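Residue numbers (my numbering): -10 to 235. Using N, Cα and C, we set each Cβ at its ideal position, and we do this for glycine too. These numbers come from a predicted model, not from an experiment. Below is one structure; the comments refer to it alone.
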């Protein structure tokens, strides 16, 4: 499955005094369904296994490699409803205008994937294969850097990529705090042991249709680098360039 691009995701934050809206909801019949979480300690999914080509394909199929892929474009009116302004990076008028964006929800999964690759049992594997997160010197590979311009600027600073991602995931979990409860079950790992209470993490949740969001992002991607025309990205005007990395 090809890697997918990203766009904006609905948030509860306020931008310019307005609640941000989600362009994906305008054109996608986003459904909800009851989903059983796999919270098993002993029956691992492929997403939990040590790094390998098979595991990487499973994660990439989620459409989360946003830093190696293309952004999406939304119309200007959708951008304004999402809290964007004329100072944000946008497509040249002659190519249809609109804003370059990424789905926040997919970026959150991208961050979780970075944290996964940085785990002690995965780090050496990804460094050895030259994964894009670890393809620099030891002191640089732990820094926060993005793909090449024009869509996502290159950043090398004193903020580590795994730490950035960890804190993004923390904030998302706190913002969307789950008010469900975990029951406990009796377990006994052998006949000689006494029964012990253990939390049952295999709970049920009402979930958005993730695949619909991923497909929306893919369908609204900008062309690949080799198909981009000169001038596709509108150059910044006076007052557009920030003197710092936000």
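Smallest Cα separation from residue i: which of the options?
{"i": "residue 66", "options": "87, 46, 53, 38", "result": "87"}
{"i": "residue 176", "options": "189, 169, 167, 168", "result": "189"}
{"i": "residue 187", "options": "171, 202, 23", "result": "171"}
{"i": "residue 220", "options": "200, 84, 174", "result": "84"}
{"i": "residue 45", "options": "181, 26, 120", "result": "120"}
{"i": "residue 39", "options": "115, 202, 153", "result": "115"}
{"i": "residue 26", "options": "209, 202, 167", "result": "167"}
Just verifying my parser: in three-state terms, what is the DSSP assignment at residue i?
{"i": "residue 24", "result": "strand"}
{"i": "residue 59", "result": "coil"}
{"i": "residue 16", "result": "helix"}
{"i": "residue 84", "result": "helix"}
{"i": "residue 194", "result": "strand"}
{"i": "residue 79", "result": "strand"}
{"i": "residue 206", "result": "helix"}
{"i": "residue 50", "result": "coil"}
{"i": "residue 104", "result": "helix"}
{"i": "residue 222", "result": "strand"}
{"i": "residue 90", "result": "strand"}
{"i": "residue 138", "result": "Reliability fails at residue 138, whose pLDDT of 39 lies under 50, so the model's placement of it is uncertain and the value that follows must be treated cautiously. Three-state result, residue 138: coil."}
{"i": "residue 64", "result": "coil"}
{"i": "residue 32", "result": "coil"}
{"i": "residue 186", "result": "strand"}
{"i": "residue 178", "result": "coil"}
Does the beta carbon of residue i come closer than 7 Å to any beta carbon on chain D?
{"i": "residue 15", "result": "Note that chain D does not occur in the displayed structure, where there is just one protein chain."}
Starting from the C-beta of residue i, find all residues in its chain whose C-beta is less than 7 Å away, skip the five residues before and the five after it, and write them out in chain order.
{"i": "residue 157", "result": "97, 100"}
{"i": "residue 197", "result": "19, 21"}
{"i": "residue 224", "result": "none"}
{"i": "residue 109", "result": "none"}
Measuring only the C-alpha atoms, how far is residue i from residue j?
{"i": "residue 204", "j": "residue 12", "result": "13 Å"}
{"i": "residue 235", "j": "residue 59", "result": "21 Å"}
{"i": "residue 51", "j": "residue 111", "result": "19 Å"}
{"i": "residue 41", "j": "residue 90", "result": "30 Å"}
{"i": "residue 14", "j": "residue 43", "result": "32 Å"}
{"i": "residue 233", "j": "residue 64", "result": "27 Å"}
{"i": "residue 31", "j": "residue 150", "result": "30 Å"}
{"i": "residue 155", "j": "residue 35", "result": "21 Å"}
{"i": "residue 214", "j": "residue 54", "result": "16 Å"}
{"i": "residue 82", "j": "residue 201", "result": "29 Å"}
{"i": "residue 165", "j": "residue 153", "result": "18 Å"}
{"i": "residue 37", "j": "residue 47", "result": "11 Å"}
{"i": "residue 68", "j": "residue 118", "result": "39 Å"}
{"i": "residue 173", "j": "residue 209", "result": "44 Å"}
{"i": "residue 179", "j": "residue 33", "result": "21 Å"}
Apart from the five residues just before and just after residue i, which ones in its own chain have a Cβ nearer than 8 Å to its Cβ?
{"i": "residue 169", "result": "192, 194"}
{"i": "residue 211", "result": "-6, 59, 60, 61, 62, 80, 89, 140, 217, 221"}
{"i": "residue 29", "result": "190, 191"}
{"i": "residue 123", "result": "106, 112, 115, 116, 130"}
{"i": "residue 23", "result": "193, 194, 195, 196"}
Under 6 Å Cβ to Cβ from residue i, same chain only, skipping five residues before and after it: list those, please.
{"i": "residue 184", "result": "175, 177"}
{"i": "residue 239", "result": "As shown, the chain starts at -10 and ends at 235. That puts residue 239 outside it, with no answer to give."}
(message) Measuring CB atoms only, is the segment 87 to 95 touching the segment 105 to 116, in the sense that at least three cross pairs come out at less than 8 Å?
(response) Fewer than three pairs of CB atoms, one per stretch, sit closer than 8 Å, so the segment 87 to 95 makes no contact with the segment 105 to 116.
(message) I want to know whether the segment 12 to 22 touches the segment 154 to 163 - three or more CB-CB distances under 8 Å.
(response) No: fewer than three Cβ pairs fall under 8 Å.
(request) Taking 8 Å as the threshold, find out whether the segment 73 to 91 comes into contact with the segment 215 to 232 through three or more Cβ pairs. (result) The count of Cβ pairs closer than 8 Å, one atom from the segment 73 to 91 and one from the segment 215 to 232, reaches three, so the stretches are in contact.
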